[in-house]
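Chains as they are written, first to last, in this note's numbering: chain E, 1 to 232; chain H, 1001 to 1218.
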Amino acid sequence: MAGFDKVVTSYADAMAGLNNNMTIIAGGFGLCGIPEGLIAQIKTMRTTGLTIVSNNCGVDNFGLGILLEDKQVKKMVSSYVGENALFEQQLLNGELEVELTPQGTLAEKMRAGGAGIPAFYTATGYGTPVGEGKEVKEFNGRPYILEESITGDFAIVKAWKADRYGNCIYRHTAQNFNPMAATAGKVTVVEVEEIVEPGELDPAHIHTPGIYVDRVILGTFEKRIERRVLAK
Amino acid sequence: MALTRDQIATRVAQEFKDGDYVNLGIGIPTLAANFVPNGISVMLQSENGLLGMGPNPTEEQLDADMINAGKETVTAVTGASIFSSAESFAMIRGGHVDITVLGAFEVDVNGNIASWMIPNKLIKGMGGAMDLVAGAKNIIVTMTHADKHGNSKLLAECTLPLTGVNCITKIITDLAVLEVKNKAYYLLERAPGVTVEEIKEKTAGELVVPDNVPEMQF
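Laid out in structure tokens, this is it:
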């Protein structure tokens, strides 16, 4: 790797430095826009005790769900889980911990974490189980709860295209949590469908500037569809 | 007669105004997109990052990178925009979405809503519901008036863990349209053929009934 060139050519290099008990922030919404090859590499590495911050936890045998097979995940921080039987089983057995977090709060926790903001007030969750034990402050007569931001040892991100400098663009709704995840990792790894030379992407159209990105790897994607619904 | 799901959705869609940005929850709320009145244009917001959600795709249009918040494949309408989850919830939390329609297990006269968790059953999570009820300007709850055992879902006080407090203003059920204010349900309309007595019987919280309760118009 020279200068600003972030491209790595093996998944081992892409995830080098990942150790047991680390926190990983993952982009994706359901199975849409997930870094499939990076997740597979984490499975290959057999890293355990992981805390994974991701809106969902995949399905049985695909997406983050494959990391449950060898009990690599200690804790999930998510807004919606349980699309998979293995997840439910490990949750009920007490082998897996889940911190349910409202979806907008989760996105903002990542965004704030990446932006150096340690905590923020939000009305979301006030008066509900999510607000229990959290500081409450009134602004203009309305109560808000204090939510702490999140950063990760690693962030794993799926983008459509990146240039060698790590400037990324996302495709359609595969964007979702990926731009925030990209900002919130000590080491941010982006798996992409296409790598281009610097200058090929319009600078004004970059979603994630390369400053946030440490490694870029060219992947191949199955892009499994969770709920295939066609026009009637 | 109690309304069908499609009829409830039709009545919900009558609440839309031309130029509204609307977020529809899963279930009956989503059906409302099929009954937008003629001459009214709304833009559907899907909280995974799509403003201007279109219908499900044809086989040719099918694209794994185009899904809605229910994880179903969808299309985008002309004039749509696509953005990150943080941007999406900035719209929601910032009060930019005009109407949010969502289902519920229970509501109460304080405008509280319980819609995401039944203790001792598997808890899957709240998704974006807590953000939506905390942020939207106008929240409509749509559900059956009573559960399948006949127990009212319009309570004096919610019994289940809450999704949000003091946020619900309007409720559209299979029996009635009601407004929530002054710690009571104000009966605005009844479903065709449904009596005020039946609505009273199935409303556990305080119900305020005006002299004349018109039938819903379809």
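Ideal Cβ placement from N, Cα and C applies to all residues, glycine included.
- At least one CB of chain E closer than 8 Å to the CB of residue 1192 (chain H): is that the case? By one-based count along the second sequence, residue 1192 (chain H) stands at place 192. Chain E, which has no Cβ nearer than 8 Å to the Cβ of residue 1192 (chain H), makes this no.
- Message: Quick check on residue 1099 (chain H): buried or exposed, where buried means 16 or more other Cβ atoms within 10 Å of its Cβ?
- Response: Working through the second sequence from its first residue, we reach residue 1099 (chain H) at position 99. It counts as buried.
- Once you ignore the five residues that flank residue 215 (chain E) on each side, which residues in its own chain have a CB closer than 6 Å to its CB? By 1-based counting over the first sequence, the position of residue 215 (chain E) is 215. Within the same chain, residue 215 (chain E) has close Cβ partners 6, 8, 14 and 189.
- Can you find a C-beta in chain E that's less than 8 Å from the C-beta of residue 1134 (chain H)? Taking the second sequence and counting its residues from 1, one reaches residue 1134 (chain H) at position 134. Taking Cβ atoms only, chain E reaches closer than 8 Å to residue 1134 (chain H), which makes this a yes.
- Answer with buried or exposed for residue 36 (chain E), where buried requires no fewer than 16 other C-beta atoms within 10 angstroms of its C-beta. Translated into the one-based positions of the first sequence, residue 36 (chain E) becomes position 36. Buried is the call here.
- Message: For residue 1208 (chain H), count the other beta carbons within 10 Å of its own beta carbon; 16 or more makes it buried, fewer makes it exposed. Which is it?
- Response: In the second sequence, counting from the first residue as 1, residue 1208 (chain H) sits at position 208. Classified as exposed, residue 1208 (chain H) has fewer than 16 neighbouring CB atoms from the shown chains inside 10 Å of its CB.
- Query: Just how far apart, CA to CA, sit residue 91 (chain E) and residue 97 (chain E)?
  - Reply: Along the first sequence, one-based indexing puts residue 91 (chain E) at 91. Along the first sequence, one-based indexing puts residue 97 (chain E) at 97. Those two C-alpha atoms are separated by around 7 Å.
- Item | Host alpha helix (DSSP H) of residue 178 (chain E) (start-end) | Translated into positions along the first sequence, residue 178 (chain E) becomes position 178. Start and end: 178-183.
- Item | Complete runs of the beta strand (DSSP E) confined to the segment 17-75 of chain E [at least 3 residues] | Within the segment 17-75 of chain E, the complete beta strand (DSSP E) runs of at least 3 residues fall at 23-26 and 50-53.
- Task: Only counting runs of 4 or more residues, tell me where the alpha helix (DSSP H) segments fall wholly within the segment 1127-1175 of chain H, in order along the chain.
- Result: 1129-1135
- To the nearest angstrom, report how far apart residue 1 (chain E) and residue 140 (chain E) are at their CA atoms. As a first step, residue 1 (chain E) must be located in the first sequence, where it is residue number 1. As a first step, residue 140 (chain E) must be located in the first sequence, where it is residue number 140. Note that residue 1 (chain E) scores a pLDDT of 49, beneath 50, so its modelled location is shaky; the value from the coordinates is reported in the next line. Looking at the two C-alpha atoms, the distance is approximately 52 Å.
- Query: Are the CB atoms of residue 28 (chain E) and residue 55 (chain E) nearer to each other than 8 Å?
  - Reply: For the purposes of this step, residue 28 (chain E) is taken as the residue at position 28 of the first sequence. For the purposes of this step, residue 55 (chain E) is taken as the residue at position 55 of the first sequence. Taking the C-beta atoms as reference points, residue 55 (chain E) is found nearer than 8 Å to residue 28 (chain E).
- Query: For residue 165 (chain E) and chain H, any beta-carbon pair shorter than 8 Å?
  - Reply: As a working mapping, residue 165 (chain E) is identified with position 165 in the first sequence. It does not: the Cβ of residue 165 (chain E) has no partner Cβ on chain H nearer than 8 Å.
- Query: Which residues in the same chain as residue 125 (chain E) place their Cβ atom closer than 7 Å to its Cβ, once the five residues preceding and following it in sequence are excluded?
  - Reply: The residue labelled residue 125 (chain E) in the question sits at position 125 within the first sequence. The beta carbon of residue 125 (chain E) sits closer than 7 Å to those of 102, 105, 131 and 145, all from its chain and outside the five residues before and after it, given in chain order.
- Roughly how many whole angstroms lie between the Cα atoms of residue 209 (chain E) and residue 167 (chain E)? Counting from 1 along the first sequence, the entry for residue 209 (chain E) is found at position 209. Counting from 1 along the first sequence, the entry for residue 167 (chain E) is found at position 167. Using only the alpha carbons, I get a separation of about 5 Å.
- Identify which residue in E:107, E:58, E:79 and E:100 has its Cα closest to the Cα of residue 86 (chain E). Taking the first residue of the first sequence as position 1, residue 86 (chain E) is located at position 86. Answer by Cα proximity: E:58.
- Task: For chain E, find out if any of its Cβ atoms is closer than 8 Å to the Cβ of residue 1111 (chain H); answer yes or no.
- Result: For the purposes of this step, residue 1111 (chain H) is taken as residue 111 along the second sequence, with counting starting at 1. Chain E contact via Cβ: absent.
- If I'm right that residue 1091 (chain H) touches residue 1068 (chain H) with Cβ under 8 Å, what's the distance once you round it to whole angstroms? On the second sequence, residue 1091 (chain H) is found 91 positions in, with the first residue counted as 1. On the second sequence, residue 1068 (chain H) is found 68 positions in, with the first residue counted as 1. About 15 Å separates the two Cβ atoms, so there is no contact after all.
- Give the secondary structure of residue 1 (chain E) by DSSP, where H, G and I count as helix, E and B as strand, and everything else as coil. The count along the first sequence starts at 1 and reaches residue 1 (chain E) at position 1. Any reading at residue 1 (chain E) must be qualified, since the residue scores a pLDDT of 49, below 50, and its modelled position is unreliable; the value itself is stated next. Note: residue 1 (chain E) maps to coil in three-state DSSP.
- Task: Take the Cβ of residue 1049 (chain H) as the centre, count every other Cβ of all protein chains shown within 10 Å, and call the residue buried at 16 or more, exposed below.
- Result: Against the second sequence, residue 1049 (chain H) aligns to sequence position 49. Counting Cβ neighbours within 10 Å, residue 1049 (chain H) comes out buried, since at least 16 surround it.
- Euclidean distance between Cα positions of residue 1144 (chain H) and residue 1173 (chain H): As a first step, residue 1144 (chain H) is located in the second sequence; it is residue number 144 there, counting from the start. As a first step, residue 1173 (chain H) is located in the second sequence; it is residue number 173 there, counting from the start. Residue 1144 (chain H) and residue 1173 (chain H): Cα-Cα distance of roughly 5 Å.
- Spell out whether any CB of chain H is found under 8 Å from the CB atom of residue 156 (chain E). Taking the first sequence and counting its residues from 1, the one referred to as residue 156 (chain E) is at position 156. Taking Cβ atoms only, chain H never reaches closer than 8 Å to residue 156 (chain E), which makes this a no.
- Ordered along the chain, which non-local residues of its own chain (more than five positions away) have a Cβ less than 8 Å from that of residue 119 (chain E)? Translated into the one-based positions of the first sequence, residue 119 (chain E) becomes position 119. Excluding sequence neighbours, residue 119 (chain E) sits near 112, 146, 147, 148 and 149.
- Same chain only: Cβ atoms within 6 Å of residue 1134 (chain H), ignoring 5 sequence neighbours per side: The residue labelled residue 1134 (chain H) in the question sits at position 134 within the second sequence. Contacts found: 1164.
- Between which two residues does the alpha helix (DSSP H) carrying residue 1016 (chain H) extend? Stepping through the second sequence from its first residue, residue 1016 (chain H) is reached at position 16. From DSSP, residue 1016 (chain H) is part of no alpha helix (DSSP H); its letter is neither H nor E.
- Message: With the cut-off set at 8 Å, would you say residue 171 (chain E) and residue 1065 (chain H) are in Cβ contact?
- Response: For the purposes of this step, residue 171 (chain E) is taken as residue 171 along the first sequence, with counting starting at 1. For the purposes of this step, residue 1065 (chain H) is taken as residue 65 along the second sequence, with counting starting at 1. By the CB criterion at 8 Å, residue 171 (chain E) and residue 1065 (chain H) fall inside the cutoff.
- Where DSSP assigns a beta bridge to residue 197 (chain E), which residues make up the other side? Numbered from 1 along the first sequence, position 197 holds the residue referred to as residue 197 (chain E). In the DSSP output, where bridge partners are listed per residue, residue 197 (chain E) has none listed.
- Item | C-alpha gap between residue 1123 (chain H) and residue 1104 (chain H), whole angstroms | As a working note, residue 1123 (chain H) is residue 123 in the second sequence. As a working note, residue 1104 (chain H) is residue 104 in the second sequence. Distance from the CA atom of residue 1123 (chain H) to the CA atom of residue 1104 (chain H), rounded to whole angstroms, is 15 Å.
- Beta-carbon neighbours of residue 1152 (chain H), restricted to chain E and to distances below 8 Å: Counting from 1 along the second sequence, the entry for residue 1152 (chain H) is found at position 152. Under the 8 Å cutoff, chain E gives no residues; its nearest Cβ is about 22 Å from residue 1152 (chain H).
- Taking the C-alpha atoms as reference points, what is the distance between residue 161 (chain E) and residue 1158 (chain H)? Counted from its first residue, the first sequence places residue 161 (chain E) at position 161. Counted from its first residue, the second sequence places residue 1158 (chain H) at position 158. One C-alpha to the other measures close to 48 Å.
- Item | Contact with chain E by residue 1066 (chain H), beta-carbon distance below 8 Å | On the second sequence, position 66 is the one that residue 1066 (chain H) refers to. Residue 1066 (chain H) counts as touching chain E.
- Would you kindly report the start and end of the unbroken beta strand (DSSP E) that includes residue 1079 (chain H)? Here the question's residue 1079 (chain H) lines up with position 79 in the second sequence. 1076-1082 is the span of the beta strand (DSSP E), which, as asked, contains residue 1079 (chain H).
- Please classify residue 109 (chain E): does DSSP put it in a helix, a strand, or coil? Indexing the first sequence from 1 puts residue 109 (chain E) at position 109. In the structure shown, residue 109 (chain E) sits in a helix (DSSP, three-state: H, G or I).
- Message: Can you list, in chain order, the residues of its chain with a C-beta nearer than 7 Å to that of residue 1010 (chain H)? Leave out the 5 residues immediately preceding and following it.
- Response: Taking the second sequence and counting its residues from 1, the one referred to as residue 1010 (chain H) is at position 10. The residues are 1035 and 1218.
- Which term fits residue 1226 (chain H), buried or exposed, when burial requires 16 or more other beta carbons within 10 angstroms of its beta carbon? Not covered by the structure: residue 1226 (chain H). The range shown for chain H is 1001 to 1218.
- Have a look at residue 1194 (chain H) and residue 230 (chain E) and give me their C-alpha separation to the nearest angstrom. Along the second sequence, one-based indexing puts residue 1194 (chain H) at 194. Along the first sequence, one-based indexing puts residue 230 (chain E) at 230. Computed Cα separation, rounded: 37 Å.
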